[in-house]
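Visitor: The listed protein sequences derive, respectively, from chains D and H. Position 135 of the first sequence, counted from 1, bears residue number 134 in numbering that gives the first Met the number 0, the numbering being contiguous throughout. Position 165 of the second sequence, counted from 1, bears residue number 164 in numbering that gives the first Met the number 0, the numbering being contiguous throughout. Just so you know, even glycine gets a beta-carbon here, dropped at the ideal spot from N, CA and C. Since this is a predicted model, take the numbers as computed values, not measurements.
There are 2 protein chains.
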Amino acid sequence: MARPTPLSGFPEWLPEQRIVEQTVVDRLRQTFEAWGYASIETRAAEPLDQLLRKGEIDKEVYVLRRLHAEQDDADAGLGLHFDLTVPLARYVLEHGGHLNFPFKRYQIQKVWRGERPQEGRYREFLQADIDVIDVDSLSFHFEVEVAQVMSEAFAGLPLPALRMQVNNRNLIEGFYRGIGVADIPGVMRVVDKLDKLSPETIRDLLETEANVTGAAADLVLAFAAISAEDTSFADAVTALGISDPQLDQGLGELVRVIEGTAPLRSGRFSVVADLRIARGLDYYTGTVYETRMAGFDSLGSVCSGGRYDSLASDGSTTYPGVGISFGVTRTLAPLFSRGVIRASRSVPTCVVVAVADEESRPASDAIARALRARGIPVEVSPSAAKFGKQIRYADRRGIPFVWFADADGTSSVKDIRSGEQVPADPTIWQPPTADLRPHLVVEGD
Amino acid sequence: MARPTPLSGFPEWLPEQRIVEQTVVDRLRQTFEAWGYASIETRAAEPLDQLLRKGEIDKEVYVLRRLHAEQDDADAGLGLHFDLTVPLARYVLEHGGHLNFPFKRYQIQKVWRGERPQEGRYREFLQADIDVIDVDSLSFHFEVEVAQVMSEAFAGLPLPALRMQVNNRNLIEGFYRGIGVADIPGVMRVVDKLDKLSPETIRDLLETEANVTGAAADLVLAFAAISAEDTSFADAVTALGISDPQLDQGLGELVRVIEGTAPLRSGRFSVVADLRIARGLDYYTGTVYETRMAGFDSLGSVCSGGRYDSLASDGSTTYPGVGISFGVTRTLAPLFSRGVIRASRSVPTCVVVAVADEESRPASDAIARALRARGIPVEVSPSAAKFGKQIRYADRRGIPFVWFADADGTSSVKDIRSGEQVPADPTIWQPPTADLRPHLVVEGD
């Protein structure tokens with residue numbers, strides 16, 4: 000078999016990159032569970048008619064077929080899920096009778112899209128979602144909570160600075176209604192282009208595409224320009240002089256999200272009320288979230304979501320919810336390709352126990368067992384080569400310690416970074432906490 | 000949308016079952032990493048020509064197609080992987096230049112097969128594999144190690160009793176050669192049926208299908224009947240009076256595996272030399288492993304593997320290896336359907352902080368923050384309903400503790416199982432270790 004070539008759009012990590020991904024996923028999971036979110040995994044395949052309910056994305060779906068399928072196969076008409084929201088909606092409808100509501104779940108799984116591969120767009124990628132689903136109505140405070148949970152997860156991760164931009168659809172719709180806009184979705188679609196077009200062009204488009212002119216267009220642009228890391232944004236909105244009950248509701252809600260996430264801000268993570276953010280998708284009805292990573296603007300949002308009044312409905316019961324989805328692959332892939340982040344070693348191993356000769360391998364195994372029994376990841380040298388070669392085995396993998404058993408039954412451990420070697424007892428020796436497991440190393444830290 | 004029906008062959012767990020699966024996977028990972036195995040994940044899709052190299056399994060493969068694929072799509076001709084060994088072989092060839100050998104890796108991922116669904120056979124299921132791969136030659140001691148690693152993982156899991164049956168292809172082939180068998184694979188295929196057919200029938204088949212008669216057939220059956228939890232099996236083989244160098248090598252190797260796993264045996268886990276085990280697959284060349292779960296004989300083996308001299312080859316370099324694969328879904332699904340194992344609760348949450356009224360929610364949030372900061376999974380009650388209803392919220396999920404903030408700033412915690420309520424300070428209170436996280440509950444324990 001010739002050396003295989005990579006498959007475009009299907010990124011695959013080397014062991015040291017996988018340790019970075021595992022560390023990120025572990026941190027997410029730990030935070031989600033600390034807030035009481037339960038894990039689920041859904042099957043990779045969903046019926047095509049479910050996947051294609053939103054016409055716009057149909058060409059991105061991977062269809063499944065058994066190589067020797069029979070005509071009336073039960074699994075005919077299946078496709079791979081392209082996100083974790085459609086499967087969640089189906090899971091809640093299918094298993095609703097066995098779930099307790101409000102249902103707080105997290106889900107960390109691969110998803111597949113047949114998109115043209117490029118940086119930030121993959122055909123297979125890992126997503127980490129949290130959602131809270133309730134029956135008939137959902138308390139507003141969960142819109143604060145999901146932002147708090149993601150903020151807390153990010154606060155513990157050494158990624159480049161992340162900036163979560165929050166807005167509220169009640170605020171936007173109330174404001175637009177208050178200034179007399181007739182085509183609210185049309186105005187949102189135009190304002191969504193503020194990232195790419197100048198305010199002057201947006202003003203023209205408001206006129207030509209959304210039928211908003213003059214003073215109203217100025218107000219739309221003034222509103223969209225409001226952005227603040229504290230609740231001062233509310234004063235700026237009030238100063239525009241527009242009055243509407245839905246606007247007041249949305250303003251109060253957005254204040255609560257900004258206040259609720261304030262304690263979690265740091266040099267690495269900020270939350271900002273940004274009234275330009277609308278999220279194109281029709282189904283959002285309250286708070287909306289997007290997240291940018293400093294230095295990676297072209298990636299777009301790496302963590303997005305919002306409140307929706309109807310995740311799913313079976314006719315008699317409606318399930319509202321709120322959720323945020325973090326793109327793990329989308330975030331890590333460009334950090335790997337630019338060398339921004341790496342693991343301190345390529346294996347879990349903290350100690351390699353040297354082997355003097357094959358006859359004494361059982362003695363080295365016993366030392367390894369004693370260390371491992373106390374939670375220290377350890378390997379025994381694969382061969383009784385010269386000690387220099389055994390040290391190189393550790394060094395090439397970034398393993399910090401090599402253990403030597405002496406003929407007299409005593410032993411010693413060498414920190415191969417400093418060269419320091421000290422007598423040690425495998426039943427009591429502990430490595431420095433920072434060396435016990437691989438940790439993340441960030442360029443420039 | 001009507002209530003969806005389950006998809007046969009694609010098992011999906013409720014949150015409390017998922018906690019069982021997570022606990023099992025965490026234990027596997029913890030053990031694999033304690034022995035220095037590094038995690039990799041491979042993409043779900045492989046080129047069809049790689050997946051179909053072994054003709055026998057071709058009808059089980061799921062083929063991928065983009066819904067609106069163009070003629071010359073780069074991802075045409077892809078299928079979902081049906082195991083984790085074919086992807087490992089491709090990964091080693093593709094990334095070999097960036098890997099350090101011997102390469103010890105673990106891989107815990109879903110795989111897909113278009114088989115007719117039944118108990119023990121699924122279309123999507125989770126596998127946990129460990130393998131050690133080296134270049135050109137692989138030290139024998141890794142054949143002992145992989146059995147030790149899986150044994151240690153099982154020893155920490157409260158599953159029904161597991162019995163690992165080990166044999167050695169050198170021992171089998173040496174013995175067969177020593178008694179003059181010409182068609183060694185043919186005899187192995189017949190002996191493999193000893194599970195289902197009587198020794199008399201096997202004796203007939205040896206004659207009709209493998210051209211072995213009389214004394215030789217008796218020796219084949221006597222050899223296959225040897226089984227022991229200690230190294231006494233070696234005496235039983237020697238007593239058969241056959242001499243062959245490959246037999247001697249295999250016997251010595253099998254003794255080392257049995258000795259090496261002896262310390263890990265318990266009432267729940269045993270390792271036995273069982274000379275009937277051959278593993279049908281041609282590519283095994285040394286130790287072979289199978290594992291049965293007590294009370295679930297019809298499942299067949301839940302954890303199998305062996306040594307192979309050529310996992311992959313690019314023409315100039317050959318990669319030998321040894322590996323074992325544990326079927327996570329295959330093992331857990333029947334335990335769930337028979338109610339043998341469950342989690343102590345359906346959510347990670349250890350404490351629900353009650354909310355007296357919506358105005359005091361921030362005070363409850365602060366208590367939750369203090370508890371969470373010390374690693375205690377905690378939720379704040381979703382509503383300020385009557386306390387009885389808030390206690391039921393916890394009770395329905397199996398959450399053991401409910402926390403009450405009193406108006407005077409003090410607070411107390413109630414164990415809702417015993418009803419005992421005691422004053423408590425959120426900055427110092429600790430739950431009993433057994434209650435901190437959900438644990439596994441096994442029927443009859």
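Candidates D/N167, D/F139, D/G285 and D/L156: which alpha carbon is nearest D/V22's?
Guide: Position 23 of the first sequence holds residue 22 of chain D. The sequence given here has Thr at residue 22 of chain D, not Val. Considering only alpha carbons, the answer is D/L156.
Visitor: Please decide whether D/A43 counts as near chain H, where near means a Cβ-Cβ distance under 8 Å.
Guide: As a position in the first sequence, residue 43 of chain D is number 44, starting the count at 1. Interface residue, yes.
Visitor: Along the beta strand (DSSP E) that carries D/N167, what are the first and last residues, could you check?
Guide: Reading the first sequence from its first residue, position 168 is the one you call residue 167 of chain D. Element bounds for D/N167: L161 to N167.
Visitor: Let me check you understand the geometry: is the CB of H/E45 closer than 7 Å to at least one non-hydrogen atom of the ligand ADP?
Guide: In terms of ligand content, the structure shown is empty, and the ligand ADP therefore cannot be addressed.
Visitor: Which residues in chain H have a C-beta closer than 8 Å to the C-beta of D/R109? List them in chain order.
Guide: By one-based count along the first sequence, residue 109 of chain D stands at place 110. First, the amino acid is wrong: residue 109 of chain D is Lys here, not Arg. Here the neighbours are A43.
Visitor: According to the Cβ coordinates, are D/R255 and D/V143 closer than 8 Å?
Guide: The residue labelled residue 255 of chain D in the question sits at position 256 within the first sequence. The residue labelled residue 143 of chain D in the question sits at position 144 within the first sequence. Taking C-beta atoms as the reference points, D/R255 and D/V143 count as a pair closer than 8 Å.
Visitor: If the criterion is Cβ atoms closer than 8 Å, does the pair H/E11 and D/T41 meet it?
Guide: Residue mapping note: residue 11 of chain H aligns to position 12 of the second sequence, counting from 1. Residue mapping note: residue 41 of chain D aligns to position 42 of the first sequence, counting from 1. Yes, these two residues count as a Cβ contact at 8 Å.
Visitor: Take D/R306 as the anchor and find which of D/Q126, D/I132, D/F124 and D/E357 has the nearest alpha-carbon.
Guide: To locate residue 306 of chain D, count along the first sequence from 1; it is residue 307. Here the closest residue by C-alpha is D/I132.
Visitor: Within a Cβ cutoff of 7 Å, which residues of the same chain sit near D/S343, ignoring the five residues on either side of it in sequence?
Guide: On the first sequence, residue 343 of chain D is found 344 positions in, with the first residue counted as 1. Excluding residues within five positions, the ones whose Cβ falls inside 7 Å are G397, P437, H438 and V440.
Visitor: Which residues does DSSP pair with D/K109 in a beta bridge?
Guide: The sequence position of residue 109 of chain D within the first sequence is 110, counting from 1. Note: D/K109 sits in a beta bridge opposite D/L125.
Visitor: In chain order, what residues of the same chain have a beta carbon less than 8 Å from the beta carbon of D/A448, not counting five sequence neighbours either side?
Guide: Outside the modelled stretch of chain D, which goes from 0 to 444, sits residue 448 of chain D, for which no answer is possible.
Visitor: What residue does the beta strand (DSSP E) around H/D308 start on, and which one ends it?
Guide: For the purposes of this step, residue 308 of chain H is identified with residue 309 of the second sequence, where counting begins at 1. For H/D308, the enclosing beta strand (DSSP E) has its first and last residue at C302 to S312.
Visitor: Measuring straight from C-alpha to C-alpha, what distance separates D/A277 and D/L170?
Guide: Position 278 of the first sequence, counted from the start, is the residue given in the question as residue 277 of chain D. Position 171 of the first sequence, counted from the start, is the residue given in the question as residue 170 of chain D. Their backbone Cα atoms lie some 10 Å apart in a straight line.
Visitor: Determine the closest residue to D/R2 out of H/I323, H/Y318 and H/M149, with distance taken between C-alpha atoms.
Guide: One-based indexing of the first sequence puts residue 2 of chain D at position 3. If we check each option's Cα against that of D/R2, H/Y318 comes out closest.
Visitor: Can you give, in chain order, each stretch of the beta strand (DSSP E) that sits fully within the region 253-286 of chain D and has at least 3 residues?
Guide: Runs found: 268-273.
Visitor: Measuring CA to CA, which of D/D414, D/S345, D/K385 and D/S410 is closest to H/F100?
Guide: Residue mapping note: residue 100 of chain H aligns to position 101 of the second sequence, counting from 1. Of D/D414, D/S345, D/K385 and D/S410, the residue nearest in Cα terms is D/S345.
Visitor: Taking 8 Å as the cut-off, decide whether the C-beta atoms of D/G35 and H/E20 are in contact.
Guide: The count along the first sequence starts at 1 and reaches residue 35 of chain D at position 36. The count along the second sequence starts at 1 and reaches residue 20 of chain H at position 21. Contact: no.
Visitor: Expressed to the nearest angstrom, what Euclidean distance is found between the alpha-carbon atoms of H/D243 and H/A233?
Guide: Stepping through the second sequence from its first residue, residue 243 of chain H is reached at position 244. Stepping through the second sequence from its first residue, residue 233 of chain H is reached at position 234. Whole-angstrom Cα-Cα distance: 14 Å.
Visitor: Nearest chain D C-beta to H/D313 closer than 8 Å, yes or no?
Guide: Within the second sequence, residue 313 of chain H is the residue found at index 314, counting from 1. For H/D313, the answer is yes, since a Cβ of chain D falls inside 8 Å of its Cβ.
Visitor: Which chain D residues are close to H/R360, counting only those with a beta carbon under 8 Å from its beta carbon?
Guide: Numbered from 1 along the second sequence, position 361 holds the residue referred to as residue 360 of chain H. Ordered by position in chain D, the residues that pass the 8 Å Cβ test against H/R360 are H140.
Visitor: Which word fits H/G167, buried or exposed, when buried means at least 16 other C-beta atoms lie within 10 angstroms of its C-beta?
Guide: The residue labelled residue 167 of chain H in the question sits at position 168 within the second sequence. In the sequence as displayed, the identity of residue 167 of chain H is Asn instead of Gly. When all chains shown are included, H/N167 counts as buried.
Visitor: Count the other CB atoms, across all protein chains shown, that sit within 10 Å of the CB of H/Y90; report buried if there are 16 or more and exposed otherwise.
Guide: On the second sequence, residue 90 of chain H is found 91 positions in, with the first residue counted as 1. Label assigned to H/Y90: buried.
Visitor: Examine the Cβ distances between the region 268-275 of chain H and the region 214-227 of chain H and report whether three or more of them are shorter than 8 Å.
Guide: Of all C-beta pairs linking the region 268-275 of chain H to the region 214-227 of chain H, three or more are shorter than 8 Å, placing the two stretches in contact.
Visitor: Could you say which of D/Q164, D/L193, D/A209 and D/E172 lies nearest to D/V186 if we only look at CA atoms?
Guide: Locating residue 186 of chain D in the first sequence gives position 187, where the first residue counts as 1. Considering only alpha carbons, the answer is D/A209.
Visitor: With a floor of 4 residues, list each alpha helix (DSSP H) that falls wholly inside the region 320-348 of chain H, ordered by position along the chain.
Guide: 327-336
Visitor: Interface residues of chain H around D/Q21 at Cβ under 8 Å?
Guide: Taking the first residue of the first sequence as position 1, residue 21 of chain D is located at position 22. The contacting residues are S38.
Visitor: Which residues in chain H sit within 8 Å of D/G155, going by Cβ to Cβ distance?
Guide: Here residue 155 of chain D is taken as the residue at index 156 of the first sequence, counted from 1. In chain order: nothing, as chain H lies at least about 12 Å away.
Visitor: Short of 8 Å in beta carbon distance, which residues of its chain neighbour H/V236, apart from the five on each side in sequence? Order them along the chain.
Guide: Translated into positions along the second sequence, residue 236 of chain H becomes position 237. The residues are L170, F174, F222, I225, L246, L250 and L274.
Visitor: Using a Cβ-Cβ cut-off of 8 Å, state whether H/Y61 counts as contacting chain D.
Guide: As a first step, residue 61 of chain H is located in the second sequence; it is residue number 62 there, counting from the start. At a cut-off of 8 Å between beta-carbon atoms, H/Y61 makes contact with chain D.
Visitor: Taking Cβ-Cβ distances shorter than 9 Å, what residues in chain H pair up with D/D34?
Guide: As a first step, residue 34 of chain D must be located in the first sequence, where it is residue number 35. For the record, residue 34 of chain D in the displayed sequence is Trp; it is not Asp. Chain H residues near D/W34: P347, T348, A367, R371, P376, V377 and E378.
Visitor: What's the gap between the Cα of H/S410 and the Cα of D/P422?
Guide: Position 411 of the second sequence, counted from the start, is the residue given in the question as residue 410 of chain H. Position 423 of the first sequence, counted from the start, is the residue given in the question as residue 422 of chain D. Approximately 51 Å between the Cα atoms of the pair.
Visitor: Figure out for me which residue from H/G8, H/A160, H/V24 and H/L193 has the closest Cα to the Cα of D/L453.
Guide: This structure cannot speak to residue 453 of chain D, because chain D is shown only from 0 to 444.
Visitor: Give me the chain H residues within the contact set of D/L310, using Cβ-Cβ distance strictly less than 9 Å, ordered along the chain.
Guide: The residue given as residue 310 of chain D occupies position 311 in the first sequence. Ordered by position in chain H, no residue passes the 9 Å Cβ test against D/L310, which lies about 11 Å from the chain.
Visitor: With 16 as the cutoff for other CB atoms within 10 Å, does D/D67 come out buried or exposed?
Guide: Within the first sequence, residue 67 of chain D is the residue found at index 68, counting from 1. Residue identity check: residue 67 of chain D is His in the sequence provided, not Asp. Exposed, since its Cβ has fewer than 16 Cβ neighbours within 10 Å.
Visitor: Just list the residues that DSSP pairs H/Q117 with in beta bridges.
Guide: Residue 117 of chain H sits at position 118 when you count from the first residue of the second sequence. Looking at the DSSP assignment, H/Q117 forms a beta bridge with H/R120.
Visitor: Quick one: residues in its chain with C-beta nearer than 8 Å to the C-beta of H/G113, no 5 flanking neighbours on either side, listed in chain order?
Guide: Taking the second sequence and counting its residues from 1, one reaches residue 113 of chain H at position 114. K58, E59, V60, Y61 and R122.
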